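Reading through the structure tokens given below for one structure.
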């Protein structure tokens, strides 16, 4: 069948019935949430266990069950690989892994798929695991990719059930309270795991810094935690930056950042109380910095900036240019320190951030957002998951949540990467539909969605180089011979969920080239 | 002879000439890109009328870079049998007094820095064949610059800084004029003869290639003690000269002076006076510290006080500051419009004397006002009003 974006999707993916994407805000739910089994802990219960292996045994983890993790240590994570090794030692098979995201550091997971310990993955895949899955045929069911808010919603709705949540915690107490912003190796909030901790049948906190009761802030609460394991190492906080946190020096990217900033300033949203979300990419960081300077020049104080927290964002808070930061993850150690020391730097969880089936999302309070992409198309659809060669190499992150939420969503993308044009007739994979994208900023001009003539008029009046996507596309295509495109077979390797749980697109296995 | 042209820098490619007719392509993304690269290589070799094959190692080069590297390799391998490619170029000459607030330098031998140089909104881009290009790469750089000129719409003006004529400037001109630049920058200009020699060369090459004679502008760069002393003659040497540029680095070296505002003051003022006496523009030297935006803004303000119309830039990041400094302000434009309105009123009233706010307005002030308004209109048309 075809969904509202005319993407061909099957009625069933693996064992799951597909509800096709019908529009960014087309569905609504009224039923009850899922729930975990109740448990009454006696006053004296000792929650400490000596090892991960002991925890696996205590939880009763068995073949075919689902285990979950957070990604707050990003490239520095040491827990996912260790837990999976322990699962393999215990002889477990066919596990489903539900991480909030996987990174290059999780390449050993591939071996656990090969040896049968893991047979399904539902979560963002950055790098080698994604490339492995793209090669196809290895997982028992196609991978499922969800946005940060979408994952929360799916767990809360019972679309996906977690048997055991393993939560890496930079500091925890023996009764099961835990935080990510204190301890020997703080990584920033671990609030991505709060939904796992509350909905998993069993919750295990793994810490390298066990401190006397009470540890705070209680991101993970004693009432949710079954067991605590103390280990020597959970992650390397120096690696949370994933190597992405450099203010770009590329003239092309700086040009995009400058145009984006100028467009924000020309928009109706740039006024007292302005709010925005940046990201960790080089362009986003530069825009955050430039915007701060523009706010200072205009004498504007913003209401809030939304993380991933970065030094650039923290600087704005400390200069008094924004009143608060809402942060679900830290992208550098400056953000971690600020979360600990500044009460205006708030930890939020993905439910508060972006749960579609909730009574309010923080992303809906955003005026402007500037997000990256791997490709865009003439309908303003955005791909962040696959490359133009069809390989699945990135997760969704908060892309859908922020794009749907912000009053003005801007995609920053070079029109050319090397020889590869990035504006296509149709994106390889739709992650985020054009209906929630307002502006696409390239180094060769700013394209405004026809829905937003109001913005286009303001940009033109401000002397900004407004052009159509067709014009920019034609200009770069004059510089390069046509690029071949992948031909996809029938086999589906991953499903892309829209944040409401409908299927916006699927990723198929590449079978040839046209 | 083992010919190898290009580099493994991002945006470039390495071309080797190989025996036999095969074209071998190596690229990071073979499935998607190999075919396109092969097409460019094959078509370039065939338009050169050459036989034989090539090996292309691609590092993300655009078509015009690949074509330029192929042409340079084939011509190096067969210097006597191949003629330069003549690309088709659609480019019009520019107005003598168009806004030239910025001249953005880019090294003519490095695709990494050349590709996309046209997107930054510089009033003029200056593709360099002189100081930034080592002797061994002069030949391939001028071919690359030719292909870039032919492939790209610059929005503003495209200039080429050639080498001094006594070095290899003549060969530079013969090659790059095929790409139809708006103008040629002549470095180390020291006399009217230098300028006239270039003008004569341009006339010859223009007529050889059916380019309207006299439409390629000249911007002499004055950067020696002798050049400053002869600035008046240099500025007035030829009708092709539309601007004088100042080069402080070479100048201070020539003088044995330190680069300070004071040490350059006389030279700057002399250059501005020479340019304005000849009715042309004056463009200030580059500011070398790209991290120091405040310093750049200060130097721009100083140059504008002295009468300069623009400034060199070594990085696109410097353009917004330079453009802001050298654009007419709203107040200046407003005043200019009132001057012109007063002049029109006076004319309608049949009065020879123009008065504004109780003061007499001289003819030069009126001319200046008209120029400023036209300048402002051109910037608005470009979508680049400050």
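Protein chains in written order, with this note's numbering: chain A, 1 to 514; chain B, 1 to 386.
By construction, the Cβ of each residue, glycine as well, lies at the ideal position given by its N, Cα and C atoms.
Given the structure is predicted, the values throughout are model-derived calculations rather than measurements.
- Rounded to the nearest whole angstrom, the C-alpha separation of residue 383 of chain A and residue 240 of chain B is 51 Å.
- Any Cβ of chain B closer than 8 Å to the Cβ of residue 480 of chain A would place that residue at the interface, and such an atom is present.
- Listed as beta-bridge partners of residue 8 of chain A by DSSP are A:2.
- A:330 is the residue among A:310, A:294 and A:330 whose C-alpha sits nearest the C-alpha of residue 76 of chain A.
- Counting only Cβ-Cβ distances below 9 Å, residue 251 of chain A has contacts in chain B at 113, 116, 117, 119, 120, 315, 316 and 317, in chain order.
- Under the three-state reduction of DSSP output, residue 393 of chain A falls in the coil class, being neither helix nor strand.
- Residue pairing by DSSP puts residue 56 of chain B in a beta bridge opposite B:15 and B:25.
- The C-beta distance from residue 61 of chain B to residue 107 of chain B rounds to 16 Å, too long to fall under 8 Å, and the pair is not in contact.
- Using a Cβ-Cβ distance cut-off of 8 Å, the stretch 192-210 of chain B and the stretch 230-237 of chain B are in contact, since at least three pairs of beta carbons, one from each stretch, lie closer than that value.
- Taking one beta carbon from each stretch, the stretch 466-485 of chain A and the stretch 411-419 of chain A have 3 or more pairs nearer than 8 Å; the two touch.
- When rounded, the separation of the alpha-carbon atoms in residue 238 of chain A and residue 395 of chain A is 22 Å.
- When secondary structure is reduced to three states using DSSP, residue 144 of chain B falls in the helix class.
- For residue 382 of chain A, DSSP records a beta bridge to A:376 and A:432.
- Put simply, the CB of residue 136 of chain A is far from chain B, with every gap to its CB atoms at 8 Å or more.
- The beta carbon of residue 78 of chain B lies closer than 8 Å to those of 50 in the same chain, with the five residues before and after it left out.
- Between residue 437 of chain A and residue 464 of chain A, the CB-CB gap reaches or exceeds 8 Å.
- Remark: C-beta atoms of residue 122 of chain A and residue 179 of chain A do not approach each other more closely than 8 Å.
- Judged by DSSP secondary structure, residue 312 of chain A falls within the alpha helix (DSSP H) whose first and last residues are 311-318.
- If you draw a straight line from the Cα of residue 367 of chain A to the Cα of residue 271 of chain A, it is about 10 Å long.
- When the beta-carbon positions are compared, residue 202 of chain B and residue 216 of chain B come within less than 8 Å of each other.
- In the DSSP assignment, residue 513 of chain A falls within the beta strand (DSSP E) that extends over 503-513.
- Residue environment: residue 92 of chain B is assigned as exposed (fewer than 16 neighbouring CB atoms within 10 Å of its CB, all protein chains considered).
- Within the stretch 7-33 of chain B, 10, 11, 27, 28, 29, 31, 32 and 33 place their CB atoms closer than 9 Å to a CB of chain A, listed in sequence order.
- Pairwise C-beta distances place the stretch 307-325 of chain B in contact with the stretch 110-125 of chain B, as three or more of them are shorter than 8 Å.
- For residue 124 of chain B, the enclosing beta strand (DSSP E) has its first and last residue at 124-128.
- Secondary-structure assignment with DSSP links residue 185 of chain B through a beta bridge to B:161 and B:219.
- The continuous beta strand (DSSP E) containing residue 409 of chain A extends over residues 408-412.
- DSSP places residue 65 of chain A in no alpha helix (DSSP H); its state is neither H nor E.
- The alpha carbon of residue 146 of chain B has as its nearest neighbour, out of B:265, B:177 and B:332, the alpha carbon of B:177.
- According to the DSSP assignment, residue 303 of chain A belongs to the beta strand (DSSP E) that extends over 302-306.
- Between residue 443 of chain A and chain B, the shortest Cβ-Cβ separation is below 8 Å.
- Annotation for residue 45 of chain B: the continuous alpha helix (DSSP H) segment containing it runs 30-47.
- In this structure, DSSP gives residue 178 of chain A an extended state, which the three-state scheme calls strand.
- The shortest CA-to-CA distance from residue 250 of chain B to any of B:286, B:134 and B:282 is the one to B:286.
- Here the alpha carbons of residue 4 of chain A and residue 20 of chain A stand approximately 7 Å from one another.
- For residue 345 of chain A, the enclosing beta strand (DSSP E) has its first and last residue at 345-347.
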